[in-house]
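Chemist:
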Amino acid sequence: MTRGQTLSKHPPVTTLPLWRKSMRDSRLGLLGWTLGHVGTVLLYLPFYPSIGSNANMQAFFTDFPSEVVTIFGLDQLGSGAAYTQATYFGLVAFLLMAIAAISWGAAAIAGDEESGQLELTMAHGVGRAQVVRERALALVTKVAVVVVLASLAVWLLNDYAELELTATNVVAVSVALVGLSVTVGMAALAAGAVSGRRTVATTVGAGVAVMGYVLDAVSQTAHLPWLASFSPYHWAFGASPIVNGFDGAGLSLLAAAATVFLVVAVAGFVRRDVGTG
Amino acid sequence: MTNISTPPLETHALSKRFGAVTALSSLDLALRRGEVFGLIGPNGAGKTTTMRLLLDLIRPSGGTVTLLGTDPRSGGAALRRRVGYLPGELRLEGRITARTALEQFARISGPVAGGTIERLAERLGLELKRRVGQLSKGNKQKLGIIQAFMHQPDLLVLDEPTSGLDPLVQQEFLSLVTEASAAGQTVLLSSHVLSEVERAADRVAVLHEGRLVRLGTIGELRLDRHRRVRAVLHAPQEVVMQRLMGPATANLSVGASDAGTVVEGQTDDVDALVKALAGFELKDLVVLEPALEETILALYRQAGPHPASSPHARPAGGSTTTSSGKEAGS
């Protein structure tokens, strides 16, 4: 929606008021999610020296079904980077971030609308597209804050846990995680902006997350590599950024997908009735 | 800037359908600058739908809206900074204080002059430091009123504004409305209680089932004179029927009961009726302000099946046409 200048006898009082409010409202949630990540990091990473370089442990994993070994990367625990990816970034961090991003994305429009509070916000001096844009920006910011703090925890454990990660690769895998989580969260936001229903938003967001993970896993175990090209999870982690650094192609796909979801969200939201679902 | 002669609010053939349900049908309204305009009708009449259309929360199925010279959809955020809105079902975030809530609304409203929030809170008796979740319904409503008034908008759209307020606060609210009107702000307010609108509004539009039934001043519409009456007389039924003939008694029925002859129904001329009844020995007399629904149904029957097509053409004094059937209201 255009923010017409002809009528604006009153200029906007603050820049990004909805983004600010959204960030302020999420302070407690951000703290909680960050603590969850730091706890996970502390739970897994310090054990690398006793698992990764332990021949008995390696032998133990080889008895697992080969599919399980492949999906969870159990055959690659020999390096700190692979261990960190298999235990944290590729599994628990993805799971936690997907849940957080889906709940933020579903709450952004649909949750606020179902609670009845969006109506009064919309009746003030804000445009439809502005609401979607600022809340999408808040989603990206929140995801980035948690991932940055969690990655900092990983980096601080790097020496202690003998992970031998490089700073560049930690940044690369963190950016990939941000991109993946934002894509999943933006799918939820878009579904909520179009439908006005939180359950629809959550279902679509979870669908994108789960399908991404499943497609990536099936592509490996069934030896169907083309399947993975439809998986946001694969776009993020397929090229092993924690080992190989930034994957421009994968990040571009994630950015494109998130942008498409944002465009759908704006286009759907500016057209429809608010608060009648 | 809006030209002084442009109506601050104008609708033309405004309609809204939700699926198969027509919530609003071909509404024509034009408000004057500084006017207090009442939208009345029973629940489901289309009052809230009309207001939500004005705010661009929902989009018309047909017809046009012009607010302050602009289409609400193209006017967008800049236009809504000049409008104050109180929703009929006010939902607020509970965890923050009333002051924080109002400050957050101020950031997305037109500019709020310093001290306005405090002054309005003082007048309505709202404690700003209390958490919204702990406020009673009436106190939440005060918060809703403050956020609608605080940026001194050119147009106020208030859906059931006095709902939940005690009489003293209602009085203070009416003063706010009067002051706003005197300052050139235009006020559209809705209610399903006639006496509320009666005290505040210069003109009213009566809605029923999505249609404009009547439009005019309260006096013109004779809404205030409509009464429900029940009298028990100590006199034979034939005599009562004979002596109660006349326009004041056109909507009354006469019947017998153990207590005596019962006269029951509606009148819009209490004076003539009481004078006519005075000739009898009265055992009981009840005169009630009827529910708005009843008044409107009576109006609707009077106005005929297509009242919205010529609401302005009705004679100011209404008519005493008797109701010939119930089909119009069903």
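Protein sequence lines correspond, in order, to chains A and B.
Using numbering that gives the first Met the number 0, you'd call the opening residue of the first sequence number 0 and step up by one each time.
Using numbering that gives the first Met the number 0, you'd call the opening residue of the second sequence number 0 and step up by one each time.
Backbone N, C-alpha and C fix where the C-beta goes; we use that ideal spot for every residue, glycine too.
Just the Cα atoms here: how many angstroms apart are residue 150 of chain A and residue 169 of chain A?
Modeler: C-alpha separation (whole angstroms): 7 angstroms.
Chemist: With distances taken between CB atoms, is the gap from residue 7 of chain B to residue 185 of chain B smaller than 7 angstroms?
Modeler: The answer is yes: Cβ separation under 7 angstroms.
Chemist: Report, in whole angstroms, the separation of the C-beta atoms of residue 5 of chain B and residue 68 of chain B, which I expect to be a contact under 8 angstroms.
Modeler: Contact holds; Cβ gap of about 5 angstroms.
Chemist: If you run the structure through DSSP and keep just helix, strand and coil, what is residue 54 of chain B?
Modeler: Correct three-state label for residue 54 of chain B: coil.
Chemist: Which chain B residues sit within Cβ distance under 9 angstroms of residue 141 of chain A?
Modeler: The contacting residues do not exist; residue 141 of chain A stays about 18 angstroms from chain B at best.
Chemist: Quick check on DSSP: helix, strand or coil for residue 127 of chain A?
Modeler: Here residue 127 of chain A sits in helix by DSSP.
Chemist: Could you work out which residues of chain B lie near residue 84 of chain A, taking near to mean beta carbons separated by less than 7 angstroms?
Modeler: None at all; the shortest Cβ gap to chain B is about 39 angstroms.
Chemist: Can you check whether the CB of residue 146 of chain B is closer than 7 angstroms to the CB of residue 175 of chain B?
Modeler: Taking 7 angstroms as the Cβ cut-off, residue 175 of chain B and residue 146 of chain B do not qualify as a contacting pair.
Chemist: Residue 129 of chain A to residue 159 of chain A, Cα distance in whole Å?
Modeler: In a straight line, the C-alpha of residue 129 of chain A is about 46 angstroms away from that of residue 159 of chain A.
Chemist: Under the assumption that residue 95 of chain B contacts residue 130 of chain B (Cβ atoms under 8 angstroms), give the Cβ distance between them as a whole number of angstroms.
Modeler: Confirmed, about 7 angstroms.
Chemist: When you compare only the Cα positions, how much space is there between residue 104 of chain B and residue 120 of chain A?
Modeler: Near 8 angstroms, if we compare the C-alpha coordinates of residue 120 of chain A and residue 104 of chain B.
Chemist: According to the Cβ coordinates, are residue 107 of chain A and residue 134 of chain A closer than 7 angstroms?
Modeler: Yes; because the gap between Cβ atoms is below 7 angstroms, this pair is in contact.
Chemist: Residues in the same chain with beta-carbon distance under 7 angstroms from residue 333 of chain B, minus the five sequence neighbours each way, listed in chain order, please.
Modeler: This structure gives no information on residue 333 of chain B, because the portion of chain B shown stretches from 0 to 329.
Chemist: Excluding the 5 residues flanking residue 286 of chain B on each side, which residues of the same chain have their C-beta closer than 6 angstroms to its C-beta?
Modeler: Correct list, in chain order: 226, 228.
Chemist: Taking residue 266 of chain A as the reference, which of A:77, A:131, A:27, A:66 has the closest Cα?
Modeler: For the residues A:77, A:131, A:27, A:66, the minimum Cα distance to residue 266 of chain A belongs to A:131.
Chemist: Would you kindly check if the distance between the Cβ of residue 199 of chain A and the Cβ of residue 189 of chain A is under 7 angstroms?
Modeler: Going by C-beta atoms, residue 189 of chain A is not nearer than 7 angstroms to residue 199 of chain A.
Chemist: Compare the C-beta of residue 246 of chain A with all C-beta atoms of chain B and state if any pair is closer than 7 angstroms.
Modeler: Chain B contact via Cβ: absent.
Chemist: Quick check on this structure: which residue in B:55, B:85, B:91 has the alpha carbon closest to the alpha carbon of residue 76 of chain B?
Modeler: Taking only the C-alpha atoms, the option nearest residue 76 of chain B is B:55.
Chemist: Roughly how many angstroms separate the alpha carbons of residue 118 of chain B and residue 231 of chain B, rounded to a whole number?
Modeler: Cα to Cα, the separation comes out at about 54 angstroms.
Chemist: Considering Cα atoms alone, identify which of B:199, B:251, B:262 is closest to residue 234 of chain B.
Modeler: Residue 234 of chain B has its Cα closest to that of B:262, out of B:199, B:251, B:262.
Chemist: With 7 angstroms set as the bound, which would you pick, yes or no: does the beta-carbon of residue 107 of chain B sit closer than that to a beta-carbon of chain A?
Modeler: With 7 angstroms as the cut-off, residue 107 of chain B counts as an interface residue toward chain A.
Chemist: Could you tell me if residue 10 of chain B is buried or exposed, where buried requires 16 or more neighbouring beta carbons within 10 angstroms of its beta carbon?
Modeler: Residue 10 of chain B is buried by the Cβ-count criterion.
Chemist: Given this structure, state the Cα-to-Cα distance separating residue 31 of chain B from residue 203 of chain B, to the nearest angstrom.
Modeler: So the two alpha carbons sit approximately 12 angstroms from each other.
Chemist: Given this structure, state the Cα-to-Cα distance separating residue 24 of chain A from residue 197 of chain B, to the nearest angstrom.
Modeler: Each residue's Cα considered, the two are about 42 angstroms apart.
Chemist: How many Å lie between residue 111 of chain B and residue 149 of chain B at the Cα?
Modeler: Spanning the two alpha carbons is a distance of roughly 6 angstroms.
Chemist: Taking one C-beta from the segment 80 to 91 of chain B and one from the segment 33 to 42 of chain B each time, how about it: are there three or more such pairs within less than 8 angstroms?
Modeler: Not touching, per the Cβ criterion.
Chemist: If we ignore side chains and look at the alpha-carbon of each, how far apart do residue 162 of chain A and residue 243 of chain A end up?
Modeler: Approximately 15 angstroms, taken between the alpha carbons.
Chemist: Checking contacts by CB at 7 angstroms: is residue 388 of chain B closer than that to chain A?
Modeler: Because residue 388 of chain B is not part of the residues shown, which for chain B are 0 to 329, the question remains open.
Chemist: Any beta-carbon of chain A closer than 7 angstroms to the one on residue 188 of chain B?
Modeler: No, its Cβ sits nowhere closer than 7 angstroms to a Cβ of chain A.
Chemist: Along chain B, which residues have their Cβ under 8 angstroms away from the Cβ of residue 124 of chain A?
Modeler: Going along chain B in sequence order, the residues near residue 124 of chain A (Cβ under 8 angstroms) are 76, 77, 79, 80, 107, 108, 109.
Chemist: Nearest by alpha-carbon distance to residue 39 of chain A: which of A:263, A:219, A:156 is it?
Modeler: Comparing Cα-Cα distances from residue 39 of chain A to each of A:263, A:219, A:156, the minimum goes to A:156.
Chemist: Report all residues from its chain with a CB closer than 6 angstroms to the CB of residue 316 of chain B; omit the five preceding and five following residues, and keep chain order.
Modeler: Low confidence applies here, because residue 316 of chain B scores a pLDDT of 36, under 50, leaving its location unreliable; read the following figure in that light. Hits under 6 angstroms: none found.
Chemist: Measuring CA to CA, which of B:256, B:258, B:257, B:241 is closest to residue 276 of chain B?
Modeler: Here the closest residue by C-alpha is B:241.
Chemist: Suppose you measure from the CA of residue 19 of chain A to the CA of residue 201 of chain B; what does that come to, to the nearest Å?
Modeler: Those two C-alpha atoms are separated by around 42 angstroms.
Chemist: Counting only Cβ pairs nearer than 8 angstroms, list the residues of chain A close to residue 388 of chain B.
Modeler: No answer is possible for residue 388 of chain B: the residues shown for chain B start at 0 and end at 329.
Chemist: For residue 13 of chain A, return the contacting residues in chain B, with the cut-off set at a CB-CB distance below 7 angstroms.
Modeler: Per Cβ cutoff of 7 angstroms: 106.
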